[in-house]
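In my numbering, the protein residues as written are 11 to 402.
Following: one structure in structure tokens, then a few remarks.
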Amino acid sequence: MKARGRLILILFSVVIFVVSFSHCMDSDDKLKATETARADEHTCRKCHGKIYDDYQHEWHAMTSRALSGDTTVVRGGNPEVPEYIFNEHLKMKAEKRTDGLYQVAYIDGKPGPEHRFDIAFGSGKNAQTYGFWKGKQLIQLQMSYFRSVDQWTNSPGYPSSIYYQGIGMRCLECHTSYAEGKRIPGDAMINLKDEIEPKSIVWSIDCQRCHGAGGRHVEFHMKHPEEKAARYIARFMDLSRKQRLDACGMCHSGNSLEVIRSPYAFKPGDSILNYYSYEAGSFASAQQDVHGNQLGLLEKSLCFIRSGDMSCQTCHSPHKPEGEGLIAHSKKCMSCHPAIKHSEKTLANAMVKTNCINCHMPLRPSAIITYQQAGKKDVTAYELHTHRIAVY
């Protein structure tokens, strides 16, 4: 009798184990979401509330947005002077309407072509440019904003006359998290006639652009809230230095990259070489520009070369907005270089103890982007701090 009871207990335990093990094995297989399925961009907040809320104030979360009838299109407020004057015969003016802000051309004082500010590109930290929809084509407006002068300017590369050019998929690939579109063949790197599905666009850089599609991750953890180890999502702490750099390099490796495969398909851990190749003989391949090629410049720095482990995350917090100003950024330098010796001449500058950036990552003009200010004959250089850390 005892033997029979023991046998029943053993069989019952085996059945429980098999059922439990089967549930564990089947749970992954029964997930409906595929590895490329995106979750709703707000879902991350349910489990990662503080990180999500902090990130909304980080510059990457502001790289583009639909204006949806907003009349204040510049972060922090529109310029005080609402117009850009080309000459005595032509000016552009930003005018508020009931359904948004409009760019209106005035020719000899009479209103001409007008277009609504539909889209903003750029975080507003340094600059913003704008676009309007023409069917499925996104067209760049002639008025752009540069914070260094706090004015409306002529958009980069535009002539001193009424002019429009398209915003192609290549721009969206680094300023949005997802978009569906049709590339129209042409000679230009940024083609003027690409067709884009407006409703498909996920604006700015969201969690999934850096961590990979989260549909499967969300579905699994909703079904298994007791599981605390992250599943089906990339964590940067698990990536190698090269993989971390490749992830950032997808949008910070320059403006002359030939797209081999859609950057939207990139998953953390992939090699950047499977998505881009440099165009033969291109200017930016030989000389990295301060606009867009932060990674190329960083890789030329002795700090980077000698470190062995330095990456973008060494100095930049990807989730939390960084302290404003050069002093806050310089604290990162001092955390690795607390006792650097300077000459007496250098030490005579009181700022040297709190500002590493102006000397070792100085402002440099972009060779790709310049802009025209009203009333000035020559173009103005677009200056950004170089990521090539050095003694200048």
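Backbone N, C-alpha and C fix where the C-beta goes; we use that ideal spot for every residue, glycine too.
Start-to-end residues for the alpha helix (DSSP H) that takes in residue i
i	result
I337	L336 to C346
R219	C217 to H221
F433	The requested residue 433 does not occur in the structure, where the chain is confined to residues 11 to 402.
E354	E354 to L357
F314	L312 to S317
M179	M179 to H185
Range of the contiguous beta strand (DSSP E) that encloses residue i
i	result
A76	S74 to A76
M153	M153 to F156
I61	Careful: I61 lies outside any beta strand (DSSP E), inside the alpha helix (DSSP H) at G59 to Y65.
I129	I129 to F131
I95	E93 to I95
Residue i vs residue j beta-carbon contact at 8 Å
i	j	result
P166	S158	no
Y392	P372	no
L255	S321	yes
S210	F131	no
R403	G225	Lying before the first or after the last residue shown, residue 403 is absent from the chain, which here runs from 11 to 402.
A400	H370	yes
P92	K101	no
G122	V84	no
R271	D319	no
I177	G145	no
H262	I243	no
L111	I129	no
Cβ-based burial, residue i [other Cβ within 10 Å; buried from 16]
i	result
M179	buried
H397	buried
S340	buried
A257	buried
T356	exposed
D204	buried
Y173	exposed
Q113	buried
A76	exposed
Contacts around residue i, its chain only, beta-carbon distance under 7 Å, and the 5 residues preceding and following it disregarded
i	result
E237	H231
R219	S187
G475	The shown model of the chain, from 11 to 402, leaves out residue 475, and the question about it has no answer.
H58	none
V212	E51, T186, S187 and Y188
T46	A223
G259	I282 and L305
Residues bridged to residue i (per DSSP)
i	result
S263	Note: S263 sits in no beta bridge, so no partner.
R374	L394
L111	K106
E207	E207 pairs with nothing; no bridge assigned.
I117	L100 and K120
Q161	F156
H125	Q113
G191	I206
L148	W143
S287	E268
Neighbourhood of residue i by C-beta, 6 Å cutoff - its chain only, sequence neighbours within 5 removed
i	result
M199	Its pLDDT being 43, under 50, M199 is placed unreliably by the model, and nothing is read from it.
A384	Y94 and I95
L308	F314 and H397
E207	E190
K192	E205
A115	M102, G122, P123 and I172
C-beta neighbour in chain D for residue i, strict 8 Å
i	result
S187	Chain labels in this structure do not include chain D; a single protein chain is all it has.
Residues of its chain near residue i, where Cβ-Cβ distance is below 8 Å and the 5 sequence neighbours each way are ignored
i	result
T163	Y94, M153, S154, Y155, F156, Y381, Q382, Q383, A384 and T390
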